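In the numbering used here, the protein residues as written are 39 to 133. Even for Gly, the Cβ is constructed at its ideal location relative to N, Cα and C. Note that this is a predicted model, so its numbers are computed, not measured. The structure appears right after this line, and notes come after that.
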């Protein structure tokens with residue numbers, strides 16, 4: 039079983055584990071991620087969710103749902119933060 043946290047630092051390991059997924063490595067190997075690659079990743083995610091969901095108790099289902107929402111929000115915030123950090127600051131055009 040893979041831990042979600044580093045044993046020494048207690049930092050989350052999900053990103054590191056995701057970066058080592060064969061599907062992720064294949065998708066980024068050419069320097070771009072295509073719509074087809076995103077759709078394939080979504081298919082894998084949905085299949086796993088459908089496999090796991092029926093096995094969860096109602097209480098655990100609620101907790102896992104909240105975890106998935108928090109991870110999704112974190113990922114979206116991280117992407118937005120990186121995009122903002124790499125975007126050149128706008129300058130007013132002075133005539």
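- Taking 9 Å as the cut-off, the beta carbon of residue 102 is found closer than this to the beta carbon of residue 94.
- The beta carbons of residue 40 and residue 55 sit closer together than 9 Å.
- The beta carbons of residue 51 and residue 44 sit about 6 Å from each other, so the pair counts as a contact at 8 Å.
- For the pair residue 77 and residue 64, the CB atoms are not nearer than the 9 Å cut-off.
- The C-alpha of residue 82 is placed about 20 Å away from the C-alpha of residue 104.
- For residue 48, there is no enclosing alpha helix (DSSP H), as DSSP marks it with neither H nor E.
- In terms of Cβ geometry, residue 99 and residue 108 do not form a close pair [threshold 9 Å].
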